[in-house]
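Okay, so here's the structure we're looking at.
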């Protein structure tokens, strides 16, 4: 079986949990220092940079995808310029919001996304120029012509409170698509990533199929009008838990997708009743959440194997006062930025 690798966060400063990546934290601007005292933090082991060679796209032909979250430029002070793109093929810029009533896609932080001036940006340019994170990502692409940047729409935060209710309406899907393509074109992007957490069976699952198919048709048409020879890409962040992936109409979604980005992480955490693995490849017999089972399900139900991108967490989760794995615990520790979650560099 041929699967691909996925990095879920960019840089040590942003190695984070789904609660930090897919869910924008409430204190993303005001929290100026990490929870872990600097004296207790460690730097990335030098050997990591040597080991990264095995993931080099030039050596393997596989893809390395990383999320860049727009709130990372605040308290964490991690900027697009800090991204090491030498081993990356794709960056998912996260997250755009959705108007649940109209389906219109909108930027979640226009100042960070398009307006913030970085060093070297002029305040005297004429015309409607894009600055902010999008300009910096464009400059990264100029240095690495094979790098693709996709706009990630949704995430945990922007999947709640009916944000994806539009998906069952043909007219709202049309609004989603036209507004997404406008953002793609205005900001020099290479495709769209949809992070819908999570569609239910029936009308929502059918609407998801329709959205992907209609988006694929529209992006192909847009590329043809521009004379583009490389198709725009469509990816989807998809669940690794059976109760959620069982709702997906996988064989009908597959033709529209460039990649399936499997969220193979956060299987356990502060919400769990016992300590457990957070990204186990194989699971205990009484578990329906493990990566091997999920990948086999997607393939058996029509996902192209070469499109499956396996997510991996570049962070650790803590369980305190416990006698071991799958045992009760009491407390999760301070974490690096959020309670119970530690950056890779602190492990």
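In UniProt numbering, the protein residues as written are 1 to 347. Where a beta carbon is used, it is the ideal one built from N, C-alpha and C, also for glycine. Small disclaimer: the values here were computed from a predicted structure and weren't measured.
| Query | Result |
| --- | --- |
| I'd like to confirm something about residue 77: is its beta-carbon nearer than 7 Å to some heavy atom of the ligand MN, or not? | In the structure shown, the ligand MN is absent, as is every other ligand, since no ligand is present at all. |
| For residue 191, which residues does DSSP report across the bridge? | 150, 233 |
| Going along the chain, which unbroken runs of the beta strand (DSSP E) with 3 or more residues stay wholly within the stretch 268–340? | 308–312, 315–317 |
| Given residue 358, which residues of its chain have a CB within under 7 Å of its CB, disregarding the five upstream and five downstream residues? | Because the chain in this structure spans residues 1 to 347, residue 358 falls outside the shown range and cannot be described. |
| Given a threshold of 16 other Cβ atoms within 10 Å of its Cβ, counted over all protein chains shown, does residue 148 qualify as buried or as exposed? | buried |
| Go through its chain and collect everything with a Cβ distance to residue 139's Cβ below 7 Å, but skip five positions before and after it. | none |
| How would you label residue 111, buried or exposed, when you count the other beta carbons within 10 angstroms and need 16 or more for buried? | exposed |
| Roughly how many angstroms lie between the CA atoms of residue 88 and residue 310, to the nearest whole one? | 15 Å |
| In three-state DSSP terms, what is residue 78? | coil |
| What are the boundary residues of the alpha helix (DSSP H) that includes residue 169? | Unbroken run through residue 169: none, as it is neither H nor E. |
| Is the distance from the Cβ of residue 194 to the Cβ of residue 262 below 8 Å? | no |
| Among the candidates 71, 97, 313, whose CA atom is the shortest distance from the CA of residue 269? | 313 |
| Less than 8 Å between the beta carbons of residue 331 and residue 321, yes or no? | yes |
| Would you mind reading off the limits of the alpha helix (DSSP H) that contains residue 250? | 250–253 |
| Let me know if residue 59 comes out buried or exposed under the rule of 16 or more other beta-carbons within 10 Å of its beta-carbon. | Confidence at residue 59 is low in this model, with a pLDDT of 49, below 50, so the placement of that residue is unreliable and no value is reported for it. |
| Who are the Cβ neighbours of residue 131 in its own chain at under 8 Å, not counting the five residues just before and after it? | 114, 115, 116, 117, 118, 121 |
| Are at least three pairs of beta-carbons, each pair with one atom in the stretch 251–258 and one in the stretch 223–230, less than 8 Å apart? | no |
| Just the Cα atoms here: how many angstroms apart are residue 215 and residue 266? | 29 Å |
| Look at the alpha carbon of residue 339 and the alpha carbon of residue 232, and state the distance between them as a whole number of angstroms. | 38 Å |
| When the distance is taken between beta carbons, is residue 324 closer than 8 Å to residue 374? | Past the edges of the chain, shown from 1 to 347, lies residue 374, and the structure says nothing about it. |
| What does DSSP give as the partner residues of residue 68 in its beta bridges? | 93 |
| I need the straight-line Cα distance from residue 256 to residue 234, nearest angstrom please. | 7 Å |
| Going straight from the alpha carbon of residue 61 to that of residue 288, what length do you get? | 31 Å |
| In whole angstroms, give me the CA-to-CA distance for residue 157 and residue 96. | 10 Å |
| Using the rule of at least 16 other Cβ atoms within 10 Å of the residue's Cβ for burial, across every protein chain shown, is residue 282 buried or exposed? | exposed |
| Quick one: residues in its chain with C-beta nearer than 8 Å to the C-beta of residue 185, no 5 flanking neighbours on either side, listed in chain order? | 222 |
| Give the single residue among 246, 299, 101, 85 whose Cα lies nearest to the Cα of residue 171. | 101 |
| Please report how far the alpha carbon of residue 135 lies from the alpha carbon of residue 187, in whole angstroms. | 8 Å |
| Are the CB atoms of residue 303 and residue 260 nearer to each other than 8 Å? | yes |
| If contacts are defined as beta-carbon pairs under 8 Å, then residue 154 and residue 197 qualify, I think. What distance do you get, rounded to the angstrom? | 7 Å |
| Have a look at residue 343 and residue 335 and give me their C-alpha separation to the nearest angstrom. | 8 Å |
| With distances taken Cα to Cα, identify the nearest neighbour of residue 201 among 247, 276, 278. | 247 |
| When we look at the beta-carbon of residue 290 and count the other beta-carbons within 10 Å, is it buried (16 or more) or exposed? | buried |
| Would you grab the beta carbon distance between residue 94 and residue 78 for me? Rounded to a whole angstrom, and I think it's under 8 Å. | So it is not a contact: roughly 13 Å between Cβ atoms. |
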